[in-house]
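In mature numbering (1 follows the signal peptide of the UniProt record, and there is no 0), the protein residues as written are 592 to 848. Cβ atoms here follow ideal geometry from the backbone N, Cα and C, with glycine treated the same way. This report refers to the structure that appears directly beneath it.
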Ligand code: G
Ligand code: G
Ligand code: MN
Ligand code: NA
């Protein structure tokens with residue numbers, strides 16, 4: 592297709608970039624960021640990942656693109672380590688099923704970290720429930736290998752898939768990320784409120800960190816804090832930003848404290 596041909600050129604022509612969305616703790620400090628892929632096309636404008644990630648998966652282009660995302664994330668972490676205002680920030684990277692299923696995914700992550708000289712403890716891989724369910728045993732093995740390397744894993748969009756408790760406890764996860772569809776109506780929908788409380792309790796009982804995504808209002812944050820969730824991501828704090836704006840935001844937040 593036309594879009595596929597254009598996407599094929601995106602990487603060599605330097606049209607891909609990462610935006611960064613802050614992850615904030617209960618004290619309002621930025622403790623990390625999520626890297627979100629953007630495609631700046633010369634005539635189509637900014638193309639959303641919603642429009643091209645599935646195409647990248649089907650065409651196999653996600654393999655080189657996913658490698659570029661990991662390498663760019665590591666380069667960014669290296670930069671941030673040199674900046675007082677950004678030192679120690681963790682960076683979460685979304686990995687698609689097809690990319691994760693590659694036999695050499697773990698060696699590839701290792702190779703990039705080593706070549707870039709990046710501290711593995713600063714990198715977090717976001718996986719989805721459907722990716723895990725594709726091949727539970729294989730996923731567990733790969734997650735153990737990542738953990739041994741010092742890389743952390745987070746379960747993205749948690750609650751939207753079909754995770755069972757029996758294998759959730761077998762996964763060497765570090766974090767559950769509460770899907771924003773549950774956070775949206777947390778203050779008004781009793782069902783969503785119960786689901787969110789249950790996810791937070793489950794995370795704590797399994798010894799996992801928990802982060803809520805899609806936090807847009809003070810009321811949502813207050814509910815989350817009241818129920819023990821202490822890390823947040825959402826428009827209430829910051830939109831996904833180009834790196835220069837992300838860094839300005841860090842400086843402004845730090846100097847105004
Ligand atoms: O920021 P937002 O609208 O842009 O992201 C839309 C979707 O694209 C989300 O589901 C997100 O997980 C996915 N996405 C964003 N960046 C990446 C990436 O680098 N790799 C993969 N596989 N998915 C991504
Ligand atoms: O699927 P994943 O969680 O990786 O994708 C993150 C998506 O959530 C991106 O599309 C990002 O732009 C979007 N997002 C981040 N914060 C908010 C928010 O507060 N509200 C809404 N509606 N979307 C958000
Ligand atoms: Mn994500
Ligand atoms: Na998500």
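Practice problem: Would you tell me roughly how many angstroms separate the C-alpha atoms of residue 614 and residue 626, rounded to the nearest one? | Solution: 11 Å
Quiz item: My guess is that residue 690 and residue 657 are in contact by the Cβ rule of under 8 Å, so how many angstroms apart are they, rounded?
Solution: 4 Å
Self-check item: Straight-line Cα distance separating residue 634 from residue 717
Solution: 31 Å
Practice problem: Count the other C-beta atoms from every protein chain shown that fall within 10 angstroms of the C-beta of residue 611, then say buried if there are 16 or more, exposed otherwise. | Solution: buried
Quiz item: Is it buried or exposed for residue 804, if we count other Cβ within 10 angstroms and need 16 for buried?
Solution: buried
Quiz item: If you compare alpha carbons, which of 782, 779 and 748 is closest to residue 766?
Solution: 748
Quiz item: Using DSSP with H/G/I as helix, E/B as strand and the rest coil, what is residue 612?
Solution: strand
Quiz prompt | alpha helix (DSSP H) runs contained entirely in the stretch 658 to 693, provided each spans 4 or more residues | solution = 688 to 692
Exercise. State buried or exposed for residue 695, treating a residue as buried only when at least 16 other CB atoms are found within 10 Å of its CB.
Key: exposed
Quiz item: With DSSP run on the structure shown, which of helix, strand or coil describes residue 653?
Solution: helix
Quiz item: Taking C-beta to C-beta, are residue 727 and residue 753 nearer than 8 Å?
Solution: no
Practice problem: Tell whether a beta-carbon distance below 8 Å holds between residue 777 and residue 790. | Solution: no
Exercise. Return yes when the Cβ of residue 840 is within less than 8 Å of the Cβ of residue 832, no when it is not.
Key: yes
Practice problem: Could you check what DSSP says for residue 631 in three-state terms: helix, strand or coil? | Solution: strand
Quiz prompt | Same chain only: Cβ atoms within 8 Å of residue 697, ignoring 5 sequence neighbours per side | solution = 733, 736, 737 and 740
Quiz prompt | Residue range of the alpha helix (DSSP H) that includes residue 837 | solution = 834 to 846
Practice problem: Using the Cα positions of residue 685 and residue 786, report the straight-line distance between them to the nearest angstrom. | Solution: 24 Å
Exercise. Assign residue 618 to one of three DSSP states: helix, strand, or coil.
Key: coil
Practice problem: Kindly examine ligand 3 and report whether one of its heavy atoms sits closer than 7 Å to the Cβ of residue 685. | Solution: yes
Quiz item: Candidates 810, 823 and 699: which alpha carbon is nearest residue 661's?
Solution: 699
Self-check item: Beta-carbon contacts of residue 819 that lie in its chain and below 7 Å, excluding the five residues immediately before and after
Solution: 791 and 795
Quiz item: Where does residue 641 land, buried or exposed, given buried means 16+ other C-beta within 10 angstroms?
Solution: exposed
Practice problem: In angstroms with no decimal places, state the Cα-to-Cα distance between residue 619 and residue 720. | Solution: 29 Å
Quiz item: With C-beta atoms as the reference, is residue 703 less than 8 Å away from residue 744?
Solution: no
Quiz item: Taking the alpha carbon of residue 764 as the point to measure from, which residue in 746, 621 and 779 has its own alpha carbon closest?
Solution: 746
Exercise. Compute the beta-carbon to beta-carbon distance between residue 673 and residue 623, rounded to the nearest angstrom, for a pair I have assumed lies under 8 Å.
Key: Contact flag wrong, Cβ pair sits at about 17 Å.
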